[in-house]
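Protein chains: 2
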Amino acid sequence: MESGAEAAVERKCPIETVIHVLGGKWKPMILWLLVDSTKRFSELEKLIPEVTQKMLAQHLRELENDRLVTRTVYPSVPPKVEYSLSEYGKTLVPVMEVMCEWGETHQRPGSKQAVLAPAIPM
Amino acid sequence: MESGAEAAVERKCPIETVIHVLGGKWKPMILWLLVDSTKRFSELEKLIPEVTQKMLAQHLRELENDRLVTRTVYPSVPPKVEYSLSEYGKTLVPVMEVMCEWGETHQRPGSKQAVLAPAIPM
DNA sequence: GCCCAAGCTTACTTTCAAGTAAGTACCCTA
DNA sequence: TAGGGTACTTACTTGAAAGTAAGCTTGGGC
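Chains as they are written, first to last, in the working numbering: chain V, 1 to 122; chain Z, 123 to 244.
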């Protein structure tokens, strides 16, 4: 309930704040797709086939409460709702890029036994 | 079981990889404390009073499996165990710093109704 | 011979995020 | 009047993460 107050929760560690706003299972993906362009609910559904409507709606609402995305409703029939990154949401993009870069290095697909940091000399 | 294989899990999104390694409730705090200096188990316990021994041990094990921290056992009695950031773990520090910076701005302690991005012009 | 410290492990319980499946509202078209 | 498209909501279930509380090991001091 009252998820609108989430942002006001006092978090001791600022890193946890970032993990909180990005921590939902589909949130990084949603934000990443919105970096390119505004998307409709149904477009996001198609672009993220594994997500359910419930989780997509819930995560979009949380991102909206955290003011990272903007929701625009066009009162037409059938309804049309557009989601886009807010100006504030855009400030997260460089953070996501840094995380992405480290994550890619960390992953190292293909090498099962030496996935981590094989190239760093001790 | 076999938590050593965790790093080999294929994650679609590299950002999720970072969230995974930092995502435990106490992990950012643990890593942050280890940036300064090597710490003993009991020191970490005192520095993070709310953490239980179980969770501290579990998170340290996971961080060790992800090769971010190094565990050194001194076979003395009573036992002495030291944890420190590995060279690889240090590569995460700049990422944490960027996250920390954004998180601090996001938090804005004191202002309850305008916690988020009050200064960005539309 | 008993307790203590340090660094854990184990068994059990609670909490919460996520998934499943179904239903709702709106008007339009056939 | 039946069905379709869009954007959801609601009730219920599952599973993983975290918390609680207790136990274990080892040798040294009292």
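Note that beta-carbon positions come from the ideal geometry of N, C-alpha and C, so glycine has one too.
Should residue i be flagged as near chain Z, meaning a C-beta pair shorter than 9 Å?
| i | result |
| --- | --- |
| Met55(V) | no |
| Lys39(V) | no |
| Thr91(V) | yes |
| Val98(V) | yes |
| Glu101(V) | yes |
In chain Z, what lies closer than 9 Å to residue i by C-beta?
| i | result |
| --- | --- |
| Glu64(V) | Here the premise fails: no neighbours, minimum Cβ distance about 11 Å. |
Using only alpha-carbon positions, find the residue among the options that is nearest to residue i.
| i | options | result |
| --- | --- | --- |
| Glu62(V) | Thr105(V), Glu16(V) and Gly24(V) | Gly24(V) |
| Glu172(Z) | Thr194(Z), Lys161(Z), Ile152(Z) and Ser159(Z) | Ile152(Z) |
| Asp158(Z) | Ser208(Z), Thr227(Z) and His228(Z) | Ser208(Z) |
| Glu82(V) | Lys12(V), Val21(V) and Lys39(V) | Lys39(V) |
| Gly225(Z) | Ser84(V), Val73(V), Glu101(V) and Pro94(V) | Pro94(V) |
| Ser42(V) | Lys80(V), Met96(V), Thr17(V) and Trp26(V) | Lys80(V) |
| Lys134(Z) | Cys13(V), Lys12(V), Pro28(V) and His20(V) | Pro28(V) |
| His142(Z) | Lys168(Z), Asn187(Z) and Val199(Z) | Asn187(Z) |
| Ser84(V) | Leu60(V), Pro75(V) and Thr105(V) | Leu60(V) |
| Met218(Z) | Pro200(Z), Leu190(Z) and Pro197(Z) | Leu190(Z) |
List the endpoints of the continuous alpha helix (DSSP H) containing residue i.
| i | result |
| --- | --- |
| Leu44(V) | Phe41 to Leu47 |
| Arg61(V) | Gln53 to Asn65 |
| Trp32(V) | Lys27 to Asp36 |
| Glu223(Z) | Val215 to Gln229 |
| Lys212(Z) | Glu209 to Lys212 |
| Glu172(Z) | First-last for Glu172(Z): undefined, no H or E at that position. |
| Leu68(V) | Element bounds for Leu68(V): n/a, residue is neither H nor E. |
Please decide whether residue i counts as near chain V, where near means a Cβ-Cβ distance under 9 Å.
| i | result |
| --- | --- |
| Val140(Z) | yes |
| Thr227(Z) | yes |
| Lys134(Z) | yes |
| Val217(Z) | yes |
What does residue i touch in chain Z if you count any residue whose Cβ is under 8 Å from its own?
| i | result |
| --- | --- |
| Leu22(V) | Ile137 and Ile141 |
Which bits of chain Z does residue i rub up against, with CB to CB less than 7 Å?
| i | result |
| --- | --- |
| Glu82(V) | Ordered by position in chain Z, no residue passes the 7 Å Cβ test against Glu82(V), which lies about 17 Å from the chain. |
| Pro28(V) | Cys135, Ile137 and Glu138 |
How would you write the range of the beta strand (DSSP E) that residue i sits in, first residue to last?
| i | result |
| --- | --- |
| Val77(V) | Neither: Val77(V) is in no beta strand (DSSP E) and is coded neither H nor E. |
Are residue i and residue j touching if we call contact CB-CB under 9 Å?
| i | j | result |
| --- | --- | --- |
| Leu292(Z) | Ile137(Z) | One cannot answer for residue 292(Z) here, as it falls past the ends of chain Z, which runs 123 to 244. |
| Leu166(Z) | Leu214(Z) | no |
| Gly89(V) | Thr72(V) | no |
| Val137(V) | Met221(Z) | Residue 137(V) is absent from the structure shown; chain V starts at 1 and stops at 122. |
| Thr52(V) | Gln229(Z) | no |
Any chance the CB of residue i is under 8 Å from a heavy atom of the ligand ADP?
| i | result |
| --- | --- |
| Ile141(Z) | This structure lacks the ligand ADP; in fact it carries no ligand of any kind. |
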